[in-house]
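Trainee: In this note's numbering, the protein residues as written are 63 to 447.
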Ligand SMILES: Cc1cc2nc3c(=O)[nH]c(=O)nc-3n(C[C@H](O)[C@H](O)[C@H](O)COP(=O)(O)OP(=O)(O)OC[C@H]3O[C@@H](n4cnc5c(N)ncnc54)[C@H](O)[C@@H]3O)c2cc1C
């Protein structure tokens, strides 16, 4: 086994660090959190530097890259920004549209992406009665005699839903009942008549807004459908295993930033006439934190390597996501503990990292749903005749 990064990967991580030094100083991060917004020049610079193009097809101006390298880049940007940087997920959105979209939809999205560093849409999947249990969704598209469709329903927890020109809405065809498997994806303009928003206030991950979206008799036409009719769920599932790896990479970056800050504080803070780093109870925390970071990192790199090499990650992507996001949250929690009351204020980065990393235990599937996915597979895998 070769655990070395390639020269190219080393260079990529170093360049991400430089990018973060330029666009994610602590002062800039605080401003983006305050405004719930990252300026377009920052997202555009990410794409112009080539990071945002990794893994996108070359015919759309992308740069070939394996998924492990992309994982390294995601980890690095969260680490060096010491913040949740939502726009880096944009390239994953581009994977979906370039795979399932019509030529016109692809062109519209690719052009917007190159121009602004953002695809023009966000995801509207979750509903008030359908989060983990997304088969329970009740948003519908109903065909009209004139060949158009009407969309009705509501979506919730839509990240940046009120900030982007379109929402990729998942809706059941005709019938909202639970056992109807036919679901389609629609690119709905946020300016359409019948689309309205209600803001939700998150406690962390503040670079983006959060909202509920209501669809009230919104008119849709066939050219707004993304992918084949009825295949929305199947298409959505396609990217979920990679998404679990990516959320793990984000968590790892956040936790490493918390470790950097807390471990450095150990040599500075004096209590009872000694640096707190000299006390074994504090050292034990550092040992636990470092063990979790290294274990999560190895597990993540191996899982992405498997994905790159065509091996199934059905079980491991769920085990990885659950282990990594939980352990990384614990690392942030211990980092806060090491910093004492100061860590509980907004003066330090660990308070932000603590709140942000907590959110990753929901997005991409909750801890419990990861057990639901991996647990039954493990029972099967270990069954003996
Ligand atoms: C920061 C953040 C960003 C998000 N961004 C988006 C977005 O852009 N677009 C979007 O559509 N959604 C988004 N979501 C929503 C996210 O996908 C959901 O929060 C997630 O799927 C969980 O659904 P829920 O919140 O409705 O919880 P529920 O599904 O109601 O679950 C509640 C609790 O019950 C547990 N539970 C549920 N079923 C089971 C079971 N079978 N066994 C054991 N326990 C179970 C869950 O694990 C959880 O602990 C985002 C969420 C967060 C926190």
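Glycine included, every Cβ here is placed at the ideal spot set by N, Cα and C.
1. Exposed or buried, which one is residue 369 when buried takes at least 16 other CB atoms within 10 Å?
2. When burial is assigned at 16 or more other CB atoms within 10 Å of the CB, is residue 318 buried or exposed?
3. Kindly examine ligand 1 and report whether one of its heavy atoms sits closer than 7 angstroms to the Cβ of residue 208.
4. Taking the alpha-carbon positions, what's the residue 79 to residue 134 distance?
5. Quick check: what's the CA-CA separation for residue 182 versus residue 334?
6. Within the same chain, show all residues whose beta-carbon is closer than 6 angstroms to that of residue 89, passing over the 5 residues directly before and after it, in chain order.
7. Taking 7 angstroms as the line, does the beta carbon of residue 200 fall inside it for any heavy atom of ligand 3?
8. Identify the continuous alpha helix (DSSP H) that holds residue 147 and give its terminal residues.
9. I want to check one thing, is the minimum distance from the CB of residue 428 to the heavy atoms of ligand 1 below 7 angstroms?
10. Note the first and the last residue of the continuous alpha helix (DSSP H) segment covering residue 190.
11. For the segment 272–308, list the alpha helix (DSSP H) runs that are entirely contained and at least 4 residues long, ordered along the chain.
12. When the Cα of residue 157 is compared with those of 121, 190 and 447, which residue comes out closest?
13. Could you please give the first and the last residue of the uninterrupted alpha helix (DSSP H) stretch that includes residue 96?
14. Out of 138, 228 and 339, point me to the one whose CA is closest to residue 506's CA.
15. The alpha helix (DSSP H) with residue 132 in it runs from where to where?
16. Counting C-beta neighbours from all protein chains within 10 Å, is the total for residue 243 16 or more, i.e. buried, or is it exposed?
17. Out of 367, 139 and 276, point me to the one whose CA is closest to residue 63's CA.
18. What's the C-alpha gap between residue 249 and residue 332?
19. Which partner residues does residue 212 have in the DSSP bridge list?
20. Out of 178, 188 and 296, point me to the one whose CA is closest to residue 426's CA.
21. Roughly how many whole angstroms lie between the Cα atoms of residue 263 and residue 151?
22. Quick one: what's got a C-beta closer than 8 angstroms to residue 115's C-beta in the same chain, skipping five residues either side?
23. To the nearest angstrom, how far is the alpha carbon of residue 385 from that of residue 215?
24. Can you determine whether any heavy atom of ligand 1 sits closer than 7 angstroms to the C-beta of residue 188, and answer yes or no?
25. CA-CA distance, residue 146 and residue 418?
Mentor: Looking at the coordinates:
1. buried
2. buried
3. no
4. 12 angstroms
5. 56 angstroms
6. none
7. In terms of ligand content, the structure shown lacks ligand 3 and carries ligand 1 instead.
8. Premise fails: residue 147 is in no alpha helix (DSSP H) and is neither H nor E.
9. yes
10. Per DSSP, residue 190 belongs to no alpha helix (DSSP H) and is neither H nor E.
11. 294–300
12. 121
13. For residue 96, the enclosing alpha helix (DSSP H) stretches over residues 88–97.
14. Limits of the chain in this structure are 63 at one end and 447 at the other, which puts residue 506 out of reach.
15. 129–143
16. exposed
17. 367
18. In this structure, the straight-line span from the alpha carbon of residue 249 to that of residue 332 is close to 57 angstroms.
19. 204 and 281
20. 188
21. In a straight line, the C-alpha of residue 263 is about 21 angstroms away from that of residue 151.
22. 109, 123, 124, 125 and 153
23. 35 angstroms
24. yes
25. 7 angstroms
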